[in-house]
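Each residue of the sequence shown is one higher than the one before, counting from 326 in my numbering.
The beta carbon of each residue, even a glycine, is placed where N, CA and C say it ideally should be.
Below: one structure, written as structure tokens.
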Amino acid sequence: MKLTVSQYVVFLAKPILLAMISGLIFTFLINPANAVFQVSEVAISIYIQVMFLGFIFFSAFLLVRVDEEWKKTHEAILKKDFNLFKLESPKRIPASATITYALVTIFAATSFYFFHYESELLGLVITTGTSFISLLIALVVFDLDDPINGFIVVENVPKAWLEKLVEK
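As structure tokens, this is what we get:
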């Protein structure tokens, strides 16, 4: 699948925008008020490690799962096997896992908010960067979970198959 530069820009726009908002919220609202947390930096470091550990494992698990489902959907098209296609293409991450993953992503993306940064630029770079990476990974997971309508779609799906899938 050949994607254009503009398609990549559109795909990256959400995590970039949300990361910029996150960085600005931190810089102007949170960092001026969180200096009292400096005495607890060891606890904050442990909290951040736990959040990112949970985020990394959950992301890895979901990425493997949605990648396998995407590949099975693609395989069904290559084999011209509609029965396999109609079985695999509608599979999605369960709602409870989606909600949990979204919360873990938010906690990971904002975990560096607890540190106080004397350098506003450093705080902005760290919070924006971690927010961007966390949100981008989550976006890829959610996008791969929809191989028909997502950004990273399987190609060459026969129109008749899509129509039958909608009827179902």
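Secondary structure, alpha helix (DSSP H): runs of 4+ residues fully inside the region 363 to 426: List check, alpha helix (DSSP H) in window: 366 to 404, 407 to 413.
Cα-Cα separation between Ala-427 and Asp-406, rounded to whole angstroms: Ala-427 and Asp-406: Cα-Cα distance of roughly 34 Å.
Other residues of its chain near Ile-477: CB distance less than 8 Å, five sequence neighbours each side excluded: Closer than 8 Å at the Cβ level, and outside the excluded window around Ile-477, lie Met-326, Trp-395, Val-465, Asp-468, Leu-469.
Which of helix, strand or coil DSSP assigns to Tyr-438: In the structure shown, the three-state DSSP call for Tyr-438 is helix.
Start-to-end residues for the alpha helix (DSSP H) that takes in Ser-444: Note, Ser-444: premise wrong, no alpha helix (DSSP H); not H, not E.
Reference Phe-437; option with closest CA among Leu-490, Ala-422, Ala-344: The residue with the shortest Cα to Cα distance from Phe-437 is Ala-344.
Close Cβ partners of Thr-455 (< 8 Å) along its chain, the five nearest in sequence each way excluded: If we look at Thr-455 and ignore the five residues flanking it on each side, its Cβ neighbours are Ala-433, Ala-434, Ser-436, Phe-437.
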